[in-house]
Amino acid sequence: MRKRVFIDAGHNPTGTFNTGAAANGITEQDVVFDVALEMGRLLEGDFDVKLSRPTKETVLGMNNVSAINARWQMANEWLADIFISIHVNAGSGTGFETFFFDAGPANTRSVQSNALSRAITDNFIKATGLRDRGVKPDTRTNLGAIGVLRQTTMPATLVELAFIDSPRANPDVGLLMHFRNEMAEALAKGVYAYFGMEMGDDDTTISPSTETTPNTESEPETPTRQVFNTIQEVPDWARPTIEKLVAAEALQGNGGGNLDLCKVMLRVFTVLDMMGVFNREYESGSYAGYTSNTADTTDDSTDQPTRLIPEPTRPPPITPQALTTSQPQTPIPRPHNQDEWSLTDFEMEALCKMVWAEARGEDDHGQRLVVHVILNRMADPTFPNKLLEVLFQRNAFSPVRDGAFNRATPDEGIRRNVLLALSEPDQARGATFFRTIKGADDVPEGKWSHERNLTRLLDYGKHRFYR
Ligand SMILES: [Zn+2]
């Protein structure tokens, strides 16, 4: 008989009550909804899954208290086998933690809840490399402070994915922004592990190479993650970043002398490095927009249990001088074949995702034009010269800001067009900008701030190109 997994996206939608924390331009309720939905999708092949908020618009309860009560009541009525409430942490720390209701070692549900929390934590830390803040008993009062853990009747855990207002030197915010599907996958693996089952391979969001036509004759692959323990084992594309972080003692491994990093984590660090995250020193108070949530997981107190745990001492800041790479001042001749671009799998995937987000409604030529604009930026000395730096440059591409990039699911057509664009001469007449001129998300005439400084080159599909 299939087990019943209840997944709770821990807050109500923006604009209602019982919303979550917000900082760095992201909100807890959006992150946990995306993660819960993807986690459900990954589990539904082998489990019966119920989401507390099946749609982004679902509002639970009438106020802060009933919003929390609705969650455990739903799970109890459905007779769920396990309950997972997903949250995002706040308070400028770093890392992942879980909570369970601790009624002592004689209480079966507590023991099982502890085991569930442990299984999820182990898998999450292994996949993301985030700091393990531990599996924490909710013993703040005799009754426990977290309503959904105290009132549920099945093994239950509450996870705090990462810190939404984390200092920039930590991977937390980048994970919450760009790696929601990967976090969902790690949580799902923990559920499989708790039930002694193994999760099938569903890695399609990570690498294009896994999307080849399935060979029905071959036996199912066991999803083993390669672990990189020394700098020498780290692949070339990630090594400069990892060397930098180890040298700065920001990355200290698992305590046993091993780096203990998986490929996903290498990608996370590399992307964050490309974004310049590790070049900034943390200034306290520089994270505008942080609002503490009204009544997070506690239904009988405004005090969050996480606040009681002392913060560890911060690793020394990385000095900007050591990390800043100088920008070339002379134009870089733009090569016209893929080998010369030599993009990593991850860069290819990021490029395909951007084309999906910007031009999935365009025809083949229209999609390739977007690739050419990106390549032209890489070749233009006024823009960064690395692909990921171009894609994630602040305020450069709206899909990065509005989340469409994260949701992107590039199809074979897009992948073909990206490969073709990489091997053909520039078709965009040197364009380094484009904007949407038709359709729902067009920019009204005269409202595009860049326009007065640019030369208009061509219109194609819904896009107008400039340099
Ligand atoms: Zn929360």
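When we follow my numbering, the leftmost residue of the sequence shown carries the number 2, and every step to the right adds one. Where a beta carbon is used, it is the ideal one built from N, C-alpha and C, also for glycine. Because the structure is a prediction, the values reported are computed rather than measured.
Check: Who are the Cβ neighbours of Val374 in its own chain at under 8 Å, not counting the five residues just before and after it?
Finding: Short of 8 Å from the beta carbon of Val374, and not among the five residues preceding or following it, lie these beta carbons of its own chain, in chain order: Ala429, Ala432, Thr433, Phe434, Phe435, Phe466.
Note to self: Please report the straight-line C-alpha distance between Asp47 and Pro168, rounded to a whole angstrom.
What the structure shows: Their Cα atoms are separated by approximately 38 Å.
Note to self: Looking at ligand 1, does it come within less than 7 Å of Glu29, judged from the CB to the closest heavy atom?
What the structure shows: If you check the C-beta of Glu29 against ligand 1, you find a heavy atom less than 7 Å away.
Check: Counting Cβ pairs, one atom from each stretch, are 3 or more of them under 8 Å apart for the stretch 98 to 116 and the stretch 27 to 39?
Finding: For the pair of segments examined, the stretch 98 to 116 was found not to touch the stretch 27 to 39: the number of CB pairs separated by less than 8 Å stays below three.
Check: Relative to the C-alpha of Leu44, which residue among Gly362, Glu199, Ala163, Leu159 is closest?
Finding: From the listed residues Gly362, Glu199, Ala163, Leu159, the smallest Cα separation to Leu44 is found for Glu199.
Notebook entry, point to check: So what's Pro168 in DSSP terms, helix, strand or just coil?
Noted result: Three-state DSSP puts Pro168 in coil, outside helix and strand.
Item checked: Candidates His464, Arg468, Gly440, of which the one nearest Arg453 by Cα -> Among His464, Arg468, Gly440, the Cα nearest to that of Arg453 is on Arg468.
Next item on the list: Could you tell me the distance, in whole angstroms, from the CA atom of Gln339 to the CA atom of Lys354?
Entry: Annotation note: pLDDT 47 at Gln339 (below 50); position unreliable, no value reported.
Margin query: Is it buried or exposed, His88, if we count other Cβ atoms within 10 angstroms and call 16 or more buried?
Written below: By the neighbour-count criterion, in which 16 or more other beta carbons inside 10 Å mark a residue as buried, His88 falls on the buried side.
Item checked: Glu98 (DSSP reduced to helix, strand or coil) -> Strand, per DSSP.
Next item on the list: Determine which residues share a DSSP beta bridge with Asp139 and list them.
Entry: DSSP, once it has assigned bridges, lists Phe102 as partnering Asp139.
Note to self: Does Asp381 come out as helix, strand or coil in the three-state DSSP assignment?
What the structure shows: Correct three-state label for Asp381: coil.
Next item on the list: Determine the DSSP secondary structure at Asn90, reduced to helix, strand or coil.
Entry: Asn90 sits in a strand when the DSSP states are folded into three classes.
Next item on the list: Report whether the distance from the Cβ of Gly96 to the nearest heavy atom of ligand 1 is below 7 Å.
Entry: No - ligand 1 has no heavy atom lying nearer than 7 Å to the Cβ of Gly96.
Note to self: Assuming Phe7 and Ala104 are in contact, meaning their beta carbons sit under 8 Å apart, how far apart are those beta carbons, in whole angstroms?
What the structure shows: Wrong, their Cβ atoms sit about 20 Å apart, outside the cutoff.
Margin query: Quick check on this structure: which residue in Arg369, Phe180, Ala239, Gly462 has the alpha carbon closest to the alpha carbon of Ala405?
Written below: Comparing Cα-Cα distances from Ala405 to each of Arg369, Phe180, Ala239, Gly462, the minimum goes to Phe180.
Next item on the list: Report the option in Phe34, Ala251, Phe102 whose CA atom is closest to the CA atom of Asp139.
Entry: The shortest C-alpha separation from Asp139 is found at Phe102.
Check: Short check: CB of Val149 to CB of Leu159, under 8 Å?
Finding: Taking a C-beta distance under 8 Å as the contact criterion, Val149 and Leu159 qualify as a contact pair.
Next item on the list: Quickly, what does DSSP pair Val6 with across the bridge? List them, please.
Entry: Residue pairing by DSSP places Val6 opposite Val50, Ile83 in a beta bridge.
Check: In its own chain, which residues sit with a C-beta less than 8 Å from the C-beta of Gln227, not counting the 5 before and 5 after it?
Finding: The residues are Cys263, Lys264.
Check: Sorry if obvious, but does the Cβ on Gly11 come closer than 7 Å to a heavy atom of ligand 1?
Finding: Yes; taking the cut-off as 7 Å, the Cβ of Gly11 has a heavy atom of ligand 1 nearer than that.
Margin query: Under 7 Å: does the beta carbon of Gly21 sit that close to some heavy atom of ligand 1?
Written below: Look at Gly21: its beta carbon is less than 7 Å from one of the heavy atoms in ligand 1.
Check: Of all the options Ala10, Ile27, Lys245, which has the alpha carbon lying nearest to the alpha carbon of Asn19?
Finding: Of Ala10, Ile27, Lys245, the residue nearest in Cα terms is Ala10.
Next item on the list: For the alpha helix (DSSP H) containing His464, list its first residue and its last residue.
Entry: Unbroken run through His464 is the beta strand (DSSP E), 464 to 467; no alpha helix (DSSP H).
Next item on the list: Specify the secondary structure class of Ala397 as computed by DSSP and reduced to three states.
Entry: Judged by DSSP in its simplified three-state form, Ala397 adopts coil rather than helix or strand.
Next item on the list: Please look up how many angstroms separate the CB atoms of Arg361 and Ile438, rounded, as I've assumed it's under 8 Å.
Entry: Not really, about 17 Å apart at Cβ, beyond 8 Å.
Note to self: Once the 5 residues before and after Gln330 are set aside, which same chain residues still bring their CB inside 7 Å of it?
What the structure shows: Reliability of the predicted coordinates at Gln330 is poor, the pLDDT of 32 falling under 50, and the value obtained from them is presented with this limitation in mind. Cβ within range, chain order: Pro382.
Checklist line | Environment of Pro241 [buried if 16+ CB atoms lie within 10 Å] | finding: Taking all protein chains shown into account, Pro241 has fewer than 16 neighbouring C-beta atoms within 10 Å of its C-beta and is therefore exposed.
Next item on the list: Taking only the alpha-carbon atoms, compute the straight-line gap between Arg402 and Asn396 and give it to the nearest angstrom.
Entry: If you take the alpha carbons of Arg402 and Asn396, they lie about 7 Å apart.
Check: Anyone know if the C-beta pair for Leu480 and Phe270 falls short of 8 Å?
Finding: This structure does not reach residue 480, given that the chain is present from 2 up to 468, and the question cannot be answered.
Check: Is the beta carbon of Ala409 sitting closer than 8 Å to the one on Ala358?
Finding: Contact flag set, yes.
Note to self: Less than 7 Å separating the Cβ of Val192 from some heavy atom of ligand 1?
What the structure shows: No - ligand 1 has no heavy atom lying nearer than 7 Å to the Cβ of Val192.
Next item on the list: State the start and end residues of the unbroken beta strand (DSSP E) segment that holds Asp123.
Entry: Here Asp123 belongs to no beta strand (DSSP E); instead the alpha helix (DSSP H) covers 109 to 129.
Item checked: Spatially closest choice to Leu388 from Thr345, Asn418, Pro411, by CA coordinates -> It is Thr345 whose Cα lies nearest to the Cα of Leu388.
Next item on the list: Counting only runs of 4+ residues fully inside the stretch 14 to 80, write out the alpha helix (DSSP H) ranges in chain order.
Entry: Considered as a whole, the stretch 14 to 80 harbours 29 to 44, 65 to 79 as its complete alpha helix (DSSP H) runs of no fewer than 4 residues, in chain order.
Check: Are there 16 or more other CB atoms within 10 angstroms of the CB of His366, so buried, or fewer, so exposed?
Finding: When all chains shown are included, His366 counts as exposed.
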